[in-house]
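A.B. asks: Okay, handing you the structure first.
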Amino acid sequence: MWLIKVFSVIYFIAVCAAQGDEDVTAVFNSVIPTTVLPVVFTTTYEPPTPTLELQSTWLDVFPSEKVKFSCSITGSSDWTFTWFRNGTEVQLDSNVSAEGSVLTITAAEIHSGSYSCKGHHKTKGVSSAVSNSHELKVSANKPKPVVSQNPNHDKMFPGESVTFTCGNVLSTGWEYLWYHNGSKIEVSGSDHTISVDYSKSGQYYCKAKRGKDPFYTEDSEITTLKVSDPPKPSLKLLSPWTNVFENETVEFLCEVDSPDWKPTWYYNQMQLPKDFDVSLDPEGLSLNITSITQDYQGDYACKADHHSRKISSGFSDKININVYENLPKPTLSKVPGFNEMFVGETVIFTCNVDVSTGWNYQWYKDGKDLTKTDKTLSIPLGLSNGGKYSCMATRGEVTSTDISDEIPQVVREIPVPVLTQETPWLDVFPSEIVKFSCKIIDGLDWIYTWYKDGQELVESNRATLSISSASTADAGQYTCMGRGKDRSVNSKSSSARNLRVYEKQPSVILVQDPDYQVMFPEESVNFSCHINISTGWEYSWYKDGSQLSNPAGENRNDYMVSSVKTTNQGSYTCQAKRGSFTASSQDIRLQVEKNKPKPSITQQPNVNKVYTGESVSFECKVKLSRGWEYCWYKDGEALSISSSSYNIPDAKLSNSGTYKCMATRRSKTMYNTTHSDEQILHVIEIPVPTLKQATKWLDVFPSESVKLSCEMDGSSDWTYTWCKDEQIVLPENGISFDSDKTTLSIHSASVSHRGQYKCSGKFKSRPVNSSFSSELTLSVYDEKPRVILVQNPNHRVMHTGDSASFSCHINVSSGWEYLWYKDGSQLTESQNNHTIPSVLTTHTGSYKCKTKRGDFQSDPSQTISLDIKERPKADIILLTGWSEVFSTDSLVLKCGVEENQENMWNYTWFKEDKAIDRPHSERHTVTPQNDPEQSLYTCQGIRTGRPSYSKKSDHFTTKNLLLKRRVLLSISGCIFFGIIAVFLGCIILRVIRKPAQDEYKPEEADLFLNMSQLKGSDDAPFPLVQYITDAALNAPSKEEDENGAICSETTPLPITSEEDQAVTTESQDATENNGGLVSFKQ
């Protein structure tokens, strides 16, 4: 029943979802009837599909254009609409608005997409299906037209036609707008054609619009139309002249700015006649008339036509050509017109041709060519220029005139004036009279010109110059010259006369030579008295006011003291006299020092030792007087130095030595001082820095620390400069220095620190720089080193006694300390090899290693596991049994290995621990011949597999075992036969002898003792006891000996120990046999 209820609820829910509110209520009410109602049937409403239409014109639009869509449902207006773009409901904003059934969009790029709509009934609450769609495409930018010009010439000429086209605009429906120089022009369509004139030049551009509310594109780029006249040809005359003579050549050139033009030639404003004998170049630019006549005389011009455009230029300027029939004769003239002229004068000849221009001239003297070609010939006359002159005119290669008439020319030398002094003195005092005369020997009339210091004084017809009262203004250098009265002829200047006029009284100057203030005994001194004017003076000498007698003679102007003494000390003067005029000199004080001076010597720098390359200077000084020259000595030998200082700009080891100096006045007085004290110079080489690694390694790994030290002979007087790969190292990037940069520290090495390091030293107190040290290369690896552990031999399983060796290999650098680990515990080994000479089972485990140096450790190596097993032991077995004692005199020993291996063993036998040279057999036979003495035998197994050898067996001692067997056999036989004899004797005795009474019969002795009795008896008559050991032989019987013989099952002979002690007791496991013989077999 409950299933029926559930299905009923589902059914009514489905009905309610498909019907209106009223139908749902009606149906639901029928579900719970209180009374039975009639069934109501409803009709399902199917809403129509809306239609989406574009009200604007285009679906391809640009930003800011208006787009309108309308959504309509036929037959009803009771609908509202929802708009969709690309299936998503459109959000309304300032650019997207909906009014009724119309959606208006102000376009932007984000509005591109597929638009559709959907209707909702206002009253029924139902929705329509989605309408058809329209795809709207909005470009990212406004379109920008492009203006093209056809034809597209840089310049257009008036009368041509040009068309502008506005294009490259996407979409349709455009109306085009044209602009010229910023003003709109009334043109419709995308093409604009104009007929070119100057008013049409300027800037053109366009834009487009469309729509009712017009949408405008951007302005196109500006296209400039240039309008100009066709170029005017330029006509040039390439030949030199427009006035020509017959047979000369005339050449024209018509030039146009562009190669697109071709010239046309005109003669007297008519196109050049075809019968003219002219030549044109291939382009027609050049016109050549090679041999002109008067028929070609006239006006020439040209014009140009464009090759590709129907345009012609205007006429060029005209050139008029005039053709003469006869050649002219030149006219020769000269200026001045004197037949006789003086050297130094200039004559100018002129050769003149009255007709045309462009003449070159050829000059002749006495019929010989001169090198001049100008129209005028100017000749500064010399004596060689005298002769007859003529000329001729030429031009081109074919035109020459006749030679002109000749003009003669005579040339004479100009005389030189002689200036003489009429008065006796040329150095005079004020108010004296001075006279000069100037004489020229020649027949011409001269005018004389006087000069003082090159400046003209006076020009006169008189040949004398008088100065009536001389003054200082008259002093100077006098000369004279002559000038012809009627000619422009000037003589040369006379020789000069120097007139000196003193302004005041002359001064007397006393000069001391040498001029030392202090002099020393035996030096010489000379005084000289100088007066600066005139001659004829007399001189007197005075010392301390007293007149002196001059040993050299009276009135001399010098006074000499050849050997100075202290008595010559004093003030000296001199007096000059001429006529009544006297003048005295100044005083000169002469000081005479009694003792010789001693110079002082100093050194800079004042240090005990100087480095090579340094500058060293010594200075030698004498405190008294001056004028000293200096003599320098090194190690007692004179140096070629005379100055007060001796400089060594670049000290060398050879400059070391003892220096001293001495002062001298040898250039004047030959006086010498004593020597100075000695100064010792010690020059040493600049030490080369020693670059050391303070840390142990130069190939390091990232994060390792590195220290390098730089030293200079252990001195602290140096600071250091560091370089890496030729670049200065600075304290950065993990690098630091100590105070003097003695140590370079890299706290955490990286790849950037690798390179070649070197250092140089600089002396702290002086400019001394050392050379660079040798280089150290620092290598910094990119990563930690790899450690490899190698085992030798490389067996995972080994046996005790084997030798095992592990090698820890690291592929880079050195200085490593090796850390060894077994099963995680560190071993004491620190070398790169860990060797176990003889392994034990306790050496089983996992081995690994790693390296260490300083604070740096590598990663551990791989782990190698070692498994140690016990080495099998060899054992010797005696194969010879007791039953064979009677048939053989040898012992057969067999060697066997406890471990059962697939690989067969070979055996090596040792006698007294020395290998026996015999085949490697498991058996060894001992005979009296090969072992006469007692010997120790051992054996050892060997094979090709592992283990390759066994442990050696225990020692086996023979100790004359064969002899002992024979003795044992003899004693045993004696005992046996003795017992038989006793037994038979007893039987015989019982038979032949009557028994005694029982009480008188003695107790019968037990002839055969058992083993327990024998143990308790020290004197048991059993000789084999001393050869029997406590160790029972348990070896199983062998069926076959080494030769293949079948042996009976016998008891092996007992084996004694090395001490060969006698056995006193029998094994407790032995079996008693009724007190009889005991078997040795167990």
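If you're matching positions, the sequence shown starts at 21 in our numbering and goes up one per residue.
Every residue, glycine too, gets a C-beta built ideally from N, C-alpha and C.
If you're wondering where the values come from, they're calculated on a predicted model, not measured in any experiment.
Over what stretch of residues does the beta strand (DSSP E) that includes arginine 482 continue unbroken?
C.D. replies: For the purposes of this step, residue 482 is identified with residue 462 of the sequence shown, where counting begins at 1. Neither: arginine 482 is in no beta strand (DSSP E) and is coded neither H nor E.
A.B. asks: How many Å lie between lysine 712 and serine 823 at the Cα?
C.D. replies: Taking the sequence shown and counting its residues from 1, one reaches residue 712 at position 692. Taking the sequence shown and counting its residues from 1, one reaches residue 823 at position 803. Distance between the alpha carbons of lysine 712 and serine 823: 43 Å.
A.B. asks: Using only CA atoms, which one of Gln623, Lys616, Gly590, Ser990 lies nearest to aspartate 607?
C.D. replies: Taking the first residue of the sequence shown as 1, we reach residue 607 at position 587. Of the candidates Gln623, Lys616, Gly590, Ser990, the one whose C-alpha sits nearest the C-alpha of aspartate 607 is Gly590.
A.B. asks: Please state whether DSSP places histidine 773 in a helix, a strand or coil.
C.D. replies: If you number the sequence shown from 1, residue 773 lands on position 753. Three-state result, histidine 773: helix.
A.B. asks: For aspartate 315, does the three-state DSSP call read helix, strand or coil?
C.D. replies: Numbered from its first residue, the sequence shown carries residue 315 at position 295. DSSP places aspartate 315 in helix when its eight states are reduced to three.
A.B. asks: Take the Cβ of phenylalanine 1003 as the centre, count every other Cβ of all protein chains shown within 10 Å, and call the residue buried at 16 or more, exposed below.
C.D. replies: Start at 1 with the first residue of the sequence shown, and residue 1003 comes out as number 983. Exposed, since its Cβ has fewer than 16 Cβ neighbours within 10 Å.
A.B. asks: Nearest to glycine 677 by alpha carbon, out of Gln537, Arg685, Leu701?
C.D. replies: As a first step, residue 677 must be located in the sequence shown, where it is residue number 657. Of Gln537, Arg685, Leu701, the residue nearest in Cα terms is Leu701.
A.B. asks: Compare the C-alpha of glycine 844 against each of Asn852, Gln882, Val807 and name the closest.
C.D. replies: Counting from 1 along the sequence shown, the entry for residue 844 is found at position 824. The shortest Cα separation from glycine 844 among Asn852, Gln882, Val807 belongs to Gln882.
A.B. asks: Does proline 250 pass the burial test, meaning 16 or more other C-beta atoms within 10 Å, or should it be called exposed?
C.D. replies: The residue labelled residue 250 in the question sits at position 230 within the sequence shown. Buried, because 16 or more other Cβ atoms sit within 10 Å of the Cβ of proline 250.
A.B. asks: Could you check how far apart the C-beta atoms of valine 800 and valine 720 are, in whole angstroms? I think they sit under 8 Å.
C.D. replies: For the purposes of this step, residue 800 is taken as the residue at position 780 of the sequence shown. For the purposes of this step, residue 720 is taken as the residue at position 700 of the sequence shown. The pair is a contact, with the Cβ atoms about 6 Å apart (cut-off 8 Å).
A.B. asks: So the beta strand (DSSP E) phenylalanine 362 belongs to, where does it begin and stop?
C.D. replies: Indexing the sequence shown from 1 puts residue 362 at position 342. Element bounds for phenylalanine 362: 360 to 362.
A.B. asks: Can you tell me whether leucine 255 is buried or exposed? The criterion is at least 16 other CB atoms within 10 Å of its CB, across all chains shown.
C.D. replies: Residue mapping note: residue 255 aligns to position 235 of the sequence shown, counting from 1. Burial call: buried.
A.B. asks: Please report the straight-line C-alpha distance between lysine 472 and serine 488, rounded to a whole angstrom.
C.D. replies: By 1-based counting over the sequence shown, the position of residue 472 is 452. By 1-based counting over the sequence shown, the position of residue 488 is 468. Whole-angstrom Cα-Cα distance: 16 Å.
A.B. asks: Assign phenylalanine 1003 to one of three DSSP states: helix, strand, or coil.
C.D. replies: By one-based count along the sequence shown, residue 1003 stands at place 983. The answer is helix: DSSP assigns phenylalanine 1003 an H, G or I state.
A.B. asks: For glycine 133 and glycine 209, what's the separation of their Cα atoms in angstroms?
C.D. replies: By 1-based counting over the sequence shown, the position of residue 133 is 113. By 1-based counting over the sequence shown, the position of residue 209 is 189. Each residue's Cα considered, the two are about 32 Å apart.
A.B. asks: Contact between the segment 398 to 412 and the segment 426 to 444: three or more CB pairs below 8 Å?
C.D. replies: Yes, since at least three Cβ pairs between the segment 398 to 412 and the segment 426 to 444 fall closer than 8 Å, the two stretches touch.
A.B. asks: Out of curiosity, what's the CA-to-CA distance linking tryptophan 198 and glycine 187?
C.D. replies: What you label residue 198 is simply residue 178 of the sequence shown in a count that begins at 1. What you label residue 187 is simply residue 167 of the sequence shown in a count that begins at 1. Going from the Cα of tryptophan 198 to the Cα of glycine 187 covers about 12 Å.
A.B. asks: Tell me where the beta strand (DSSP E) around valine 150 begins and ends.
C.D. replies: For the purposes of this step, residue 150 is taken as residue 130 along the sequence shown, with counting starting at 1. Segment 147 to 150, the beta strand (DSSP E) holding valine 150.
A.B. asks: Can you list, in chain order, the residues of its chain whose CB lies under 8 Å from that of serine 420, leaving out five sequence neighbours each side?
C.D. replies: As a position in the sequence shown, residue 420 is number 400, starting the count at 1. So the list reads Leu347, Met412, Ala413, Thr414, once near-sequence residues are dropped.
A.B. asks: What's the gap between the Cα of cysteine 274 and the Cα of phenylalanine 369?
C.D. replies: The residue labelled residue 274 in the question sits at position 254 within the sequence shown. The residue labelled residue 369 in the question sits at position 349 within the sequence shown. One C-alpha to the other measures close to 41 Å.
A.B. asks: Where does lysine 643 sit, in a helix, a strand or coil, going by DSSP?
C.D. replies: Counting from one through the sequence shown, the residue named residue 643 turns up at place 623. Of the three classes helix, strand and coil, the one that applies to lysine 643 here is coil, per DSSP.
A.B. asks: For the candidate residues Arg329, Leu989, Val207, Asp535, whose alpha-carbon lies nearest to that of lysine 175?
C.D. replies: By 1-based counting over the sequence shown, the position of residue 175 is 155. The residue with the shortest Cα to Cα distance from lysine 175 is Arg329.
A.B. asks: At the level of alpha carbons, what is the spacing between arginine 646 and glutamine 595?
C.D. replies: The count along the sequence shown starts at 1 and reaches residue 646 at position 626. The count along the sequence shown starts at 1 and reaches residue 595 at position 575. About 28 Å.
A.B. asks: When we look at the beta-carbon of phenylalanine 996 and count the other beta-carbons within 10 Å, is it buried (16 or more) or exposed?
C.D. replies: Reading the sequence shown from its first residue, position 976 is the one you call residue 996. Per the 10 Å Cβ criterion, exposed.
A.B. asks: Is it right to say isoleucine 312 is buried, meaning 16 or more other beta carbons lie within 10 angstroms of its own, or is it exposed?
C.D. replies: Indexing the sequence shown from 1 puts residue 312 at position 292. Under this definition isoleucine 312 is a buried residue.
A.B. asks: Between which two residues does the beta strand (DSSP E) holding leucine 546 run?
C.D. replies: Position 526 of the sequence shown, counted from the start, is the residue given in the question as residue 546. The identity of residue 546 in the sequence shown is asparagine, whereas the question assumes leucine. Per DSSP, asparagine 546 belongs to the beta strand (DSSP E) from 545 to 551.
A.B. asks: What's the gap between the Cα of threonine 54 and the Cα of histidine 140?
C.D. replies: If you number the sequence shown from 1, residue 54 lands on position 34. If you number the sequence shown from 1, residue 140 lands on position 120. Note that threonine 54 scores 39 on pLDDT, short of 50, meaning its location in the model is unreliable; the coordinates nonetheless yield the value given after this. Straight-line Cα distance between these residues: approximately 37 Å.
A.B. asks: Look up arginine 230 in the DSSP assignment and say whether it is helix, strand or coil.
C.D. replies: Position 210 of the sequence shown, counting from 1, holds the residue named residue 230. Correct three-state label for arginine 230: strand.
A.B. asks: For aspartate 462 and proline 435, I'd like the C-alpha separation in whole angstroms.
C.D. replies: Here residue 462 is taken as the residue at index 442 of the sequence shown, counted from 1. Here residue 435 is taken as the residue at index 415 of the sequence shown, counted from 1. Cα-Cα distance, rounded: 7 Å.
A.B. asks: Counting Cβ pairs closer than 8 Å, one from the segment 235 to 246 and one from the segment 281 to 296, do we hit at least three?
C.D. replies: The segment 235 to 246 is not in contact with the segment 281 to 296.
A.B. asks: How do the segment 813 to 833 and the segment 849 to 865 stand: do at least 3 beta-carbon pairs fall below 8 Å, yes or no?
C.D. replies: Contact between the segment 813 to 833 and the segment 849 to 865 is present, because at least three Cβ pairs lie under 8 Å.
A.B. asks: Can you grab the Cα-Cα spacing for the pair valine 528 / tryptophan 470, in whole Å?
C.D. replies: What you label residue 528 is simply residue 508 of the sequence shown in a count that begins at 1. What you label residue 470 is simply residue 450 of the sequence shown in a count that begins at 1. Straight-line Cα distance between these residues: approximately 35 Å.
A.B. asks: Going by DSSP, name the residue or residues bridged to tyrosine 286.
C.D. replies: On the sequence shown, position 266 is the one that residue 286 refers to. DSSP, once it has assigned bridges, lists Gln291, Ala321 as partnering tyrosine 286.
A.B. asks: Take alanine 160 and list the residues in its own chain whose beta-carbon comes closer than 7 Å to its own, dropping the five residues that flank it on each side.
C.D. replies: On the sequence shown, position 140 is the one that residue 160 refers to. Excluding residues within five positions, the ones whose Cβ falls inside 7 Å are Glu129.
A.B. asks: Per DSSP, what kind of secondary structure is tyrosine 801 in: helix, strand or coil?
C.D. replies: Within the sequence shown, the letter at position 781 stands for residue 801. Reduced to three states, the DSSP call for tyrosine 801 is coil.
A.B. asks: Using a 10 Å radius around the Cβ and a threshold of 16 neighbouring Cβ atoms, would you call serine 696 buried or exposed?
C.D. replies: Against the sequence shown, residue 696 aligns to sequence position 676. Buried.
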